[in-house]
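Residue numbers (the working numbering): 22 to 618.
Even for Gly, the Cβ is constructed at its ideal location relative to N, Cα and C.
Keep in mind the model is a prediction, meaning the values are calculated, not measured.
Below is one structure, written out as structure tokens; the observations come after it.
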């Protein structure tokens with residue numbers, strides 16, 4: 022398969038689908054469209070403007086912004102000029118932004134708003150010497166920065182602009198760096214994974230061969246584009262096929278935006294699907310006994326249909342009739358919440374509960390789970406619309422190698438593997454061995470049909486003092502099926518028993534308290550009541566019947582506050598930062614173990 026650059030891919034799409042809608046975003050409460058032809062002009066003008074600011078081939082340009090059209094235009098303009106995009110999460114602190122700008126050697130920094138610009142102003146005299154220009158997307162009167170429109174105007178004024186732009190594009194090769202993506206990481210300083218045009222394109226070309234995408238497809242983009250999962254799945258993939266990317270206003274308006282743009286495909290992390298599931302069940306609980314009965318009957322019917330499909334059997338005529346009734350009574354309303362045109366959801370970034378996937382499939386909504394890392398551009402394996410198995414992350418994509426090491430670690434080799442970590446040769450050598458195998462740090466297994474299952478992170482394994490190994494994630498995911506448990510982290514490394522820090526579902530706990538007529542001053546007091554403690558103990562027992570004795574949670578503490586990204590206890594994709602949580606709650610953990618450890 023001949024590899025082209027991302028620039029060539031985008032140019033091909035523009036030539037074929039110039040009049041189609043490329044991007045759509047909210048302006049004054051209405052979605053406004055940007056065609057591929059208009060997108061092409063904006064990329065060209067912004068690219069030429071950046072070259073006027075001094076952008077040369079190989080220069081790094083940092084990007085600190087929420088998802089919006091300017092993010093896409095900026096990324097594609099940087100690449101068209103031979104530059105390297107260094108994306109950053111909009112939630113990063115001033116110090117974290119400064120670290121990445123300095124470490125990457127970025128010459129230009131693009132920010133979305135005055136709020137993001139303030140993070141740079143907070144550096145005072147500590148501005149990295151490599152940073153020469155700051156560009157802001159929003160309109161702002163500030164002599165220290167240029168606006169997006171001003172840079173575009175600068176580009177429009179370039180003499181022989183079309184020729185200059187074409188020449189800049191032509192010198193970019195598939196082996197050139199396209200991006201340095203800093204891993205959010207659950208430990209230590211972030212490392213910049215270096216990905217080439219070829220790395221990304223190897224993934225794009227394979228995935229477009231697995232999944233049929235057309236200009237009629239609409240992607241709702243709300244996961245951070247700074248994360249490689251959305252960058253690939255919600256940015257480059259739709260751009261490769263002439264599809265539309267509609268930007269959600271914020272993570273809090275997803276439900277409303279789904280109904281407005283009516284997406285056909287959506288990328289998300291498991292927490293979003295868990296929240297949707299929770300909201301559906303809460304809504305059912307508020308309904309009449311008759312409505313509850315109809316809902317549970319419908320889910321039961323849907324589950325039987327799902328099981329038949331999974332076993333590659335045709336549902337009986339009676340079951341099909343019941344399914345038609347269930348669809349009319351319940352599932353059509355659920356699908357309407359997504360806009361009514363959804364082909365499938367895609368899940369990544371963290372493990373998806375099998376029970377959640379099965380629930381949605383019973384309702385006629387397919388969630389395809391995949392697996393990958395920043396360092397693998399990102400996809401290693403993914404379930405397909407016509408080939409999937411819940412509880413797995415699917416078969417490997419074509420054109421790459423995957424094997425399981427003796428200790429269970431997943432290793433991968435192929436055109437999707439990064440070039441290394443920027444300015445970190447020792448970390449690179451640790452991650453990619455002499456034979457070119459990238460060590461993922463994940464433990465997994467491949468079944469007889471070639472489907473990959475992730476067990477846990479290698480570093481997360483709890484080795485009890487008796488030598489027994491416990492993989493916490495499968496147990497945590499099982500316990501999170503309880504409507505009363507929102508988040509949970511198991512503990513026990515070098516200890517005798519397993520304990521847990523549990524973030525309860527506060528709303529469900531309050532509802533339980535009202536039903537039981539419990540009196541408590543506040544949430545902390547409520548969590549300490551015998552009734553709530555017994556409730557959670559019962560939930561733990563109910564949702565972990567099949568675990569070995571040494572895997573069972575012996576003690577737990579109910580947390581008064583949620584783990585959050587703001588507290589540094591979760592990554593931007595809502596994965597637990599276990600070391601930070603353990604440090605923040607050391608006294609609580611020590612108290613659980615007492616002298617008995």
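Integer-rounded CB distance, given that residue 179 should sit under 8 Å from residue 156
Not really, about 16 Å apart at Cβ, beyond 8 Å.
Bridge partners - residue 248, DSSP secondary structure assignment
DSSP output for residue 248 lists no bridge partner at all.
What are the residues that DSSP puts in a beta bridge with residue 200?
106 and 216
Pairwise C-alpha distance: residue 110 and residue 288
17 Å
C-beta contact flag for residue 148 and residue 107 at 8 Å:
no
Rounded to the nearest angstrom, what separates residue 113 and residue 462 at their Cα positions?
25 Å
Find the nearest neighbour of residue 79 within the set 218, 67 and 118, judged by alpha-carbon distance.
218
Which of helix, strand or coil DSSP assigns to residue 207
Reliability of the predicted coordinates at residue 207 is poor, the pLDDT of 48 falling under 50, and the value obtained from them is presented with this limitation in mind. Reduced to three states, the DSSP call for residue 207 is coil.
Measuring alpha carbon to alpha carbon, tell me which of 544, 469 and 358 ends up nearest residue 283.
358
DSSP state of residue 51 mapped onto helix, strand, coil:
strand
Could you tell me the distance, in whole angstroms, from the CA atom of residue 274 to the CA atom of residue 241?
11 Å
Per the DSSP calculation, residue 42 is bridged to which residue(s)?
56
When the distance is taken between beta carbons, is residue 169 closer than 8 Å to residue 73?
no
Continuous beta strand (DSSP E) stretch holding residue 365: start and end
365-368
Beta-bridge pairing of residue 490 - partner residues as DSSP gives them
484
From the DSSP output, which residues share a beta bridge with residue 156?
131 and 167
On the DSSP letters alone, give me the boundaries of the beta strand (DSSP E) that residue 516 sits inside.
First-last for residue 516: undefined, no H or E at that position.
Between residue 350 and residue 315, which are expected to be in contact by the criterion C-beta below 8 Å, what is the C-beta distance as a whole number of angstroms?
6 Å
With distances taken Cα to Cα, identify the nearest neighbour of residue 176 among 102, 459 and 396.
102
Give the C-beta separation of residue 423 and residue 391 to the nearest angstrom, bearing in mind that I take them to be a contact with Cβ-Cβ under 8 Å.
Not confirmed; about 13 Å, so no contact.
Determine, using beta-carbon pairs with one atom in the stretch 55-63 and one in the stretch 116-133, whether at least three such pairs fall under 8 Å.
no
Extent of the continuous beta strand (DSSP E) to which residue 292 belongs:
Per DSSP, residue 292 belongs to no beta strand (DSSP E); it is in the alpha helix (DSSP H), 291-306.
Are at least three pairs of beta-carbons, each pair with one atom in the stretch 491-504 and one in the stretch 373-389, less than 8 Å apart?
yes
Where does residue 233 fall in DSSP's three states?
coil
Are the stretch 578-592 and the stretch 481-488 in contact at 8 Å, needing three or more beta carbon pairs?
no
Per-residue burial, residue 116 [other beta carbons within 10 Å of its own, 16 or more giving buried]
exposed
Buried or exposed: which applies to residue 124, given that a residue is buried once 16 or more other Cβ atoms fall within 10 Å of its Cβ?
buried
If you draw a straight line from the C-alpha of residue 353 to the C-alpha of residue 385, how long is it?
9 Å
Helix, strand or coil: how does DSSP classify residue 393 here?
strand
Return yes when the Cβ of residue 121 is within less than 8 Å of the Cβ of residue 203, no when it is not.
yes
Taking only the alpha-carbon atoms, compute the straight-line gap between residue 254 and residue 29 and give it to the nearest angstrom.
18 Å
Start-to-end residues for the beta strand (DSSP E) that takes in residue 321:
Where residue 321 is concerned, there is no enclosing beta strand (DSSP E), although the alpha helix (DSSP H) it sits in stretches over 310-331.
The stretch 402-420 in contact with the stretch 187-198 per 3-pair CB rule at 8 Å:
no
Go ahead and label residue 33 buried or exposed: buried means 16 or more other beta carbons lie within 10 angstroms of its beta carbon, across all protein chains shown.
exposed
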